[in-house]
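> Questions regarding the structure given below will be posed in turn.
Protein chains: 2
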Amino acid sequence: MARPRQALLTRERIVEAAATLIDAEGLDALSMRRLATELGVQGPSLYNHFATKAEIVDAVAEAVVAQVDIDVFADCDWREGLRLWAKSYHAVLTAHPNIVPVLATGPGRRPHGLAMAEAVYGALIDAGWSRSRATHIGALMRYLITGSALGSFALGFDNDPELYDRYPHLHRAHELPAHRAAVDEGAFELGLDVLIAGLSDHYDQGVRR
Amino acid sequence: MARPRQALLTRERIVEAAATLIDAEGLDALSMRRLATELGVQGPSLYNHFATKAEIVDAVAEAVVAQVDIDVFADCDWREGLRLWAKSYHAVLTAHPNIVPVLATGPGRRPHGLAMAEAVYGALIDAGWSRSRATHIGALMRYLITGSALGSFALGFDNDPELYDRYPHLHRAHELPAHRAAVDEGAFELGLDVLIAGLSDHYDQGVRR
DNA sequence: CGCATAAACTAGCGGCGTAAGTTTTTGCGC
DNA sequence: GCGCAAAAACTTACGCCGCTAGTTTATGCG
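Residue numbers (UniProt numbering), protein chains in the order written: chain H, 1 to 209; chain A, 1 to 209.
Printed below as a string of structure tokens:
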């Protein structure tokens, strides 16, 4: 086949297929040949639309952050904005856990990532936080959100009772994977509550830098 | 060369070389052939000592967590123990950032990882926290520590002023990479302070579950 | 109508993890 | 002291991988 009458590929179709593949089978399952097969095409054809594999993965990451709601800062208190944004971000990452390692490396050059940074940082600055404090708070929230999405805490424990025989306090740790969602959700909520309450106290006491 | 009079490889030598390579050039630079070359040996010889590449990487991760000080819980308040442990963990990860993605996936079956979980969880239980709350706090601390180590927040921003022209609040974001260490350190310290202070308040008010 | 461009193809390079089988040395049981 | 299994290196090779180069053909613009 040479050039078809109707293009078989578009950037959108490629990104969509890549996202589906990553969601379903993980980052490692995404290879150029595999992705091409999924799209009914030979491997190297993808290079007509993206220069490298990294560009495709980046586009998937960008599509994911695009789903985060950053309008929440519009007309509400910085505390509430921060909480709603964090929950939205967290929910998006929970829905697409396999792409998180890519996102965790920072906003990079992706427009939506930068727009999100702008929204968060801007809201904190507008509230009266110093530039350095706003930066710290933004970074901190990101640590909590990506950290919780990246390593499901509960999932890290093996489902094998014998493993914990030598650790008296962990004797029920093998039950953790079964409660994965509840544990991870509880830890995230606790962190969000404590962080925002603590920052709120600082703020109310006039400690804004 | 067949079997040499003196073994060329040991598990220790392999792990050490792998750790050095990962520290110096990143996870991607670690390939079986490259590692073998570094050790003056052919690639497949490594399989006489480790069954898979993943086992080698795991051993490196285990060697890194082994450096975290978990004796800090011995005879001090849970607050102080948590703070000292978190700082030690954070310092170790900061010294070996390239292995963090591996650690972030949880304690798994690694003895030192489990010993650390045991120490943290045990200290919280002994202090009177409920099992579920202790789990949440442990998970939460891990989110903060691995999250901060994984994605240097400041490093994620590109060192290119023009990139931020369209984001009014980010107009100085290109300066962030230069202050990388200070930003990341500040955010981590802020998080640690706020979290421990907040949890301490809950504790003092008798809210332990 | 002619031609540059776009979008598919095929072939192939060097690298990857690892399996299989070979050779030689070591060290233990008789 | 000897025989032989196990250990630890080797070579070869398979099927992936990301990506490059060059080819073919349809499209759309001047």
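Even glycine gets a Cβ: it sits at the ideal position worked out from N, Cα and C.
Which of the three DSSP states, helix, strand or coil, is assigned to H:F188?
Helix, per DSSP.
> Using a C-beta cutoff of 9 Å, does H:P101 count as contacting chain A?
Yes, because at least one Cβ of chain A sits closer than 9 Å to the Cβ of H:P101.
> Start and end of the alpha helix (DSSP H) containing H:T20?
H:T20 -> alpha helix (DSSP H) spans R11 to E25.
> Given H:V15, which residues of its chain have a CB within under 8 Å of its CB, disregarding the five upstream and five downstream residues?
Answer for H:V15: I56, A59, V60 and A63, listed in chain order.
> For the stretch 138–152 of chain H, which residues have a beta carbon sitting closer than 8 Å to at least one beta carbon of chain A?
Those would be G138, A139, L140, R142, Y143, L144, I145, T146, G147, S148, L150, G151 and S152, in chain order.
> Decide if the stretch 157–167 of chain A is in contact with the stretch 114–125 of chain H; the criterion is three or more beta carbon pairs, one per stretch, under 8 Å apart.
Touching, yes, given that three or more Cβ pairs across the two stretches are closer than 8 Å.
> By Cβ distance, which residues of its chain are closer than 8 Å to A:H174, with the 5 residues on each side in sequence left out?
Result list for A:H174: F157, D158, N159, D160, P161, L163 and Y164, in chain order.
> Note down, in chain order, all residues in the stretch 81–101 of chain H with a beta-carbon under 8 Å from any beta-carbon belonging to chain A.
Those would be P101, in chain order.
> Any C-beta of chain H sitting closer than 9 Å to the C-beta of A:E55?
No, A:E55 lies away from the interface with chain H (no Cβ there is under 9 Å from its Cβ).
> Cα separation between H:T94 and H:V41?
The alpha-carbon atoms of H:T94 and H:V41 are separated by roughly 31 Å.
> Under 9 Å, Cβ to Cβ, is there at least one residue of chain H near A:F157?
So, interface residue.
> Using the three-state DSSP reduction, which class does A:G128 fall into: helix, strand or coil?
A:G128: coil per DSSP, three-state reduction.
> Are there 16 or more other CB atoms within 10 angstroms of the CB of H:P4, so buried, or fewer, so exposed?
H:P4 should be labelled exposed.
> Could you tell me whether the Cβ of A:V207 comes closer than 9 Å to any Cβ of chain H?
Not closer than 9 Å to any Cβ of chain H, the Cβ of A:V207 fails to qualify, so no.
> Helix, strand or coil for A:F73, going by three-state DSSP, please let me know.
Helix at A:F73.
> Can you name the residues of chain A whose CB is closer than 7 Å to the CB of H:H169?
Ordered by position in chain A, the residues that pass the 7 Å Cβ test against H:H169 are E118, Y121, G122 and I125.
> Span of the alpha helix (DSSP H) holding H:A29?
It is not in any alpha helix (DSSP H) - H:A29 carries neither H nor E in the DSSP assignment.
> Using a Cβ-Cβ distance cut-off of 9 Å, determine whether H:S31 contacts chain A.
Output row for H:S31: interface = no.
> Which complete alpha helix (DSSP H) runs does the stretch 132–176 of chain A hold, if anything under 4 residues is left out?
If we require 4 residues or more, the stretch 132–176 of chain A turns out to have no alpha helix (DSSP H) run fully inside it.
> So, are the CB atoms of H:A139 and A:D184 less than 9 Å apart?
Result yes, Cβ atoms of H:A139 and A:D184 sit closer than 9 Å.
> Which runs of the alpha helix (DSSP H) spanning at least 4 residues fall entirely within the stretch 90–125 of chain A, listed in chain order?
Counting whole runs of 4 or more residues, the stretch 90–125 of chain A contains the alpha helix (DSSP H) stretches 100–103.
> On a CA-only basis, which of A:L46, A:M141, A:G108 and A:L35 is nearest A:L82? Give me that one, please.
Among A:L46, A:M141, A:G108 and A:L35, the Cα nearest to that of A:L82 belongs to A:M141.
> Quick one: does H:D69 have its CB under 9 Å from some CB of chain A?
No, H:D69 lies away from the interface with chain A (no Cβ there is under 9 Å from its Cβ).
> Given that A:P174 touches chain H, what residues does it touch there, using C-beta distances under 8 Å?
The sequence shown places His at residue 174 of chain A, rather than the Pro named in the question. Within 8 Å Cβ-Cβ: nothing; A:H174 doesn't reach chain H, min ~12 Å.
> Which one of A:L124, A:N48 and A:V100 has the shortest CA to CA distance from A:W85?
Taking only the C-alpha atoms, the option nearest A:W85 is A:L124.
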